[in-house]
Amino acid sequence: MAEPRFTAPPADCLISVRLDGITALYHRSSGMTHIVAEPVPEILAALAAAPLTAGELLLALGLDDDSETRPALMARIDELEGGGLVSRQ
Amino acid sequence: MRHQFSVKVGPRGFRIGSAWRAPVDALATLYRDYPAPEGGIPDHSVRLEPTSFLRRFIRPSLALGGGYTLPEAAPLPLSLGLIAAEMAMNLQVALGERHYLLLHAATVAKGDKAIILTGESGSGKSTMSAVLMSEGWRFMGDEFALVDPETGMLHPFPRPVSLKNKAVDVLSERVKPDRFGPLMRATPKGDIRHLIPDRASLAAMDKDARPVAILFPRFGQENATRPVGQGECFVRLTQASTNYTALGERGFTALSRLMSTVPATAIDYPDTKTGIAQVNRIWDAAQ
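Keeping their order, the protein sequence lines are chains A and B.
Remember, the working numbering sits 51 above the position in the first sequence when you count from 1.
Remember, the working numbering sits 60 above the position in the second sequence when you count from 1.
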């Protein structure tokens with residue numbers, strides 16, 4: 052089975068504002084506000100540019116694909132899917 | 061309805077209809093220094109109605125009616141008609157306002173610069189704003205801060221201050237007796253007495269001010285101040301807003317601009333004197 056690819060809304064669907072160490076995101080499609088921390092803005096930017104697998108996303112973020120980082124990334128992806136900011140293809 | 065009263069508070073006009081004369085007379089006294097709605101046309105209507113035909117005459121009991129109501133709200137005795145009218149007016153603004161971003165906050169100003177005092181009920185923001193008014197600040201409101209999403213400016217909404225319990229005594233020492241409404245004892249929120257804003261504040265009820273500081277006061281704590289980060293402040297103010305979600309992108313833009321332009325500070329104070337000193341220090345630093 053092919054590894055899933057993840058995608059995020061185009062940049063113009065999200066308004067992003069840095070507030071100290073966190074980022075407030077307004078999702079125009081849903082009208083929802085999301086408060087997120089690093090590396091979520093970077094994940095969304097990478098997935099908005101092109102659909103990526105988890106491995107490709109780790110590479111795009113400059114992270115190691117190891118037994119700690121990949122599960123941590125997938126946990127963030129799951130949260131973002133639940134919030135409607137990431138979908139899988 | 062049989063008895064009616066109309067009034068303009070800041071940018072909004074209200075018409076209050078009542079099956080009884082007493083609440084309307086009390087409102088007319090409390091709002092005696094306020095103008096009528098522009099053109100006589102109100103933005104919001106409120107009704108004080110008997111809960112049943114008999115309850116108009118026997119142990120009179122009133123229910124709140126109007127554009128926005130709370131179905132689960134318990135009826136109130138006629139003796140609390142003034143409080144009921146005030147609650148109903150608040151409700152219309154809290155749920156109906158679509159132009160301004162509403163924050164549950166008090167605001168005071170000097171000239172064209174203002175301070176926002178926000179926090180949960182009981183934090184002391186109403187009392188603090190009334191005390192500051194007694195010290196010469198312009199009172200802009202103690203219930204809602206109205207943020208214009210287009211300009212970031214604050215618009216006054218100077219309703220009478222609803223003083224509770226010991227706050228009544230604090231202000232009685234500072235303000236002439238003729239600026240107070242009737243003392244209502246043993247209401248669901250304790251003893252309540254309204255304070256009519258001073259005439260200078262009411263005369264400026266159409267004059268915007270630019271926010272220069274956001275304060276999170278907590279009365280009854282040890283003297284302390286703490287900077288509040290933009291992220292924490294943003295989250296707390298979304299919780300303090302009754303129409304942030306309804307305004308959509310305009311609400312987000314208004315609030316995020318407020319965060320990026322106005323510093324926020326938590327102030328804990330054991331007594332009024334200490335609290336005023338803290339506010340004055342922060343005000344001076346913001347100039």
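Heads up, the beta-carbon is just placed ideally off N, CA and C, and yes, glycines get one too.
Since the model is a prediction, treat every value here as computed from it, not as a measurement.
Relative to the C-alpha of residue i, which residue among the options is closest?
i: residue 157 (chain B); options: B:310, B:327 and B:329; result: B:310
i: residue 141 (chain B); options: B:206, B:80 and B:215; result: B:80
i: residue 28 (chain B); options: B:112, B:66 and B:302; result: Nothing about residue 28 (chain B) can be read from this structure; chain B reaches only from 61 to 347.
i: residue 363 (chain B); options: B:336, B:252 and B:319; result: Past the edges of chain B, shown from 61 to 347, lies residue 363 (chain B), and the structure says nothing about it.
i: residue 54 (chain A); options: A:113, A:108 and A:87; result: A:108
i: residue 265 (chain B); options: B:302, B:93 and B:84; result: B:93
i: residue 258 (chain B); options: B:275, B:194 and B:282; result: B:194
i: residue 75 (chain B); options: B:152, B:331 and B:161; result: B:152
i: residue 81 (chain A); options: B:315, B:305 and B:331; result: B:305
i: residue 189 (chain B); options: B:237, B:167, B:181 and B:128; result: B:167
i: residue 70 (chain A); options: B:290, B:181, B:135 and B:110; result: B:290
i: residue 83 (chain A); options: A:92, A:102, A:66 and A:128; result: A:66
i: residue 302 (chain B); options: B:205, B:95 and B:124; result: B:205
i: residue 316 (chain B); options: B:91, B:113, B:233 and B:211; result: B:211
i: residue 382 (chain B); options: B:126, B:170, B:314 and B:137; result: Nothing about residue 382 (chain B) can be read from this structure; chain B reaches only from 61 to 347.
i: residue 171 (chain B); options: B:246, B:272, B:249 and B:86; result: B:272
i: residue 233 (chain B); options: B:155, B:191 and B:282; result: B:191
i: residue 226 (chain B); options: B:184, B:95 and B:84; result: B:184
i: residue 126 (chain B); options: B:241, B:280 and B:108; result: B:108
i: residue 110 (chain B); options: B:68, B:169 and B:83; result: B:83
i: residue 95 (chain B); options: B:308, B:85 and B:68; result: B:68
i: residue 282 (chain B); options: B:344, B:312 and B:331; result: B:331
Note the first and the last residue of the continuous alpha helix (DSSP H) segment covering residue i.
i: residue 318 (chain B); result: 309-321
i: residue 235 (chain B); result: Looking at the DSSP string, residue 235 (chain B) is not in any alpha helix (DSSP H), and its letter there is neither H nor E.
i: residue 93 (chain A); result: 91-100
i: residue 106 (chain A); result: 105-112
i: residue 64 (chain B); result: Run containing residue 64 (chain B): none in the alpha helix (DSSP H); it sits in the beta strand (DSSP E), 63-69.
i: residue 350 (chain B); result: The structure shown does not extend to residue 350 (chain B), since chain B is modelled only from 61 through 347, so no value can be given for it.
i: residue 120 (chain A); result: 120-133
i: residue 336 (chain B); result: 332-346
Does the separation of the CB atoms of residue i and residue j fall below 9 Å?
i: residue 333 (chain B); j: residue 269 (chain B); result: no
i: residue 231 (chain B); j: residue 255 (chain B); result: yes
i: residue 63 (chain B); j: residue 77 (chain B); result: yes
i: residue 300 (chain B); j: residue 165 (chain B); result: yes
i: residue 274 (chain B); j: residue 339 (chain B); result: no
i: residue 106 (chain B); j: residue 133 (chain B); result: no
i: residue 72 (chain A); j: residue 88 (chain A); result: yes
i: residue 201 (chain B); j: residue 216 (chain B); result: yes
i: residue 176 (chain B); j: residue 342 (chain B); result: no
i: residue 207 (chain B); j: residue 86 (chain A); result: no
i: residue 160 (chain B); j: residue 209 (chain B); result: yes
i: residue 163 (chain B); j: residue 147 (chain B); result: no
i: residue 61 (chain B); j: residue 104 (chain B); result: no
i: residue 238 (chain B); j: residue 244 (chain B); result: no
i: residue 187 (chain B); j: residue 297 (chain B); result: no
i: residue 138 (chain B); j: residue 112 (chain B); result: no
i: residue 218 (chain B); j: residue 70 (chain B); result: yes
i: residue 90 (chain B); j: residue 241 (chain B); result: yes
i: residue 154 (chain B); j: residue 198 (chain B); result: no
i: residue 97 (chain A); j: residue 103 (chain A); result: yes
i: residue 128 (chain A); j: residue 105 (chain A); result: yes
Need the endpoints of the beta strand (DSSP E) that residue i sits in, please.
i: residue 267 (chain B); result: Run containing residue 267 (chain B): none; DSSP gives neither H nor E here.
i: residue 138 (chain B); result: That residue, residue 138 (chain B), is in no beta strand (DSSP E); it is neither H nor E in DSSP.
i: residue 56 (chain A); result: First-last for residue 56 (chain A): undefined, no H or E at that position.
i: residue 72 (chain B); result: 72-78
i: residue 48 (chain B); result: In the structure as shown, chain B begins at 61 and stops at 347. Residue 48 (chain B) is therefore absent and cannot be evaluated.
i: residue 256 (chain B); result: No beta strand (DSSP E) holds residue 256 (chain B); DSSP gives it neither H nor E.
i: residue 244 (chain B); result: 244-247
i: residue 222 (chain B); result: 221-224
i: residue 70 (chain A); result: 65-70
i: residue 76 (chain A); result: 73-78
i: residue 137 (chain A); result: That residue, residue 137 (chain A), is in no beta strand (DSSP E); it is neither H nor E in DSSP.
i: residue 213 (chain B); result: No beta strand (DSSP E) contains residue 213 (chain B), which DSSP labels as neither H nor E.
Complete runs of the beta strand (DSSP E) confined to the stretch 152-211 of chain B [at least 3 residues]: 161-170, 173-178, 198-201 and 204-207
Within 8 Å, do at least three Cβ pairs link the stretch 112-130 of chain A to the stretch 70-77 of chain A? no
So, does the stretch 216-229 of chain B touch the stretch 112-123 of chain B, judging by three or more C-beta pairs under 8 Å? no
Cβ contact (3+ pairs, closer than 8 Å) linking the stretch 320-335 of chain B and the stretch 281-292 of chain B: yes
Quick one: which unbroken alpha helix (DSSP H) runs of 4-plus residues sit fully inside the stretch 276-309 of chain B? Chain order, please. 290-299 and 304-307
Within the stretch 102-148 of chain B, ranges of the beta strand (DSSP E) (whole runs, at least 3 residues): 104-110 and 121-126
Count the CB pairs spanning the stretch 126-140 of chain A and the stretch 57-66 of chain A that are closer than 8 Å, and state whether there are at least three. yes
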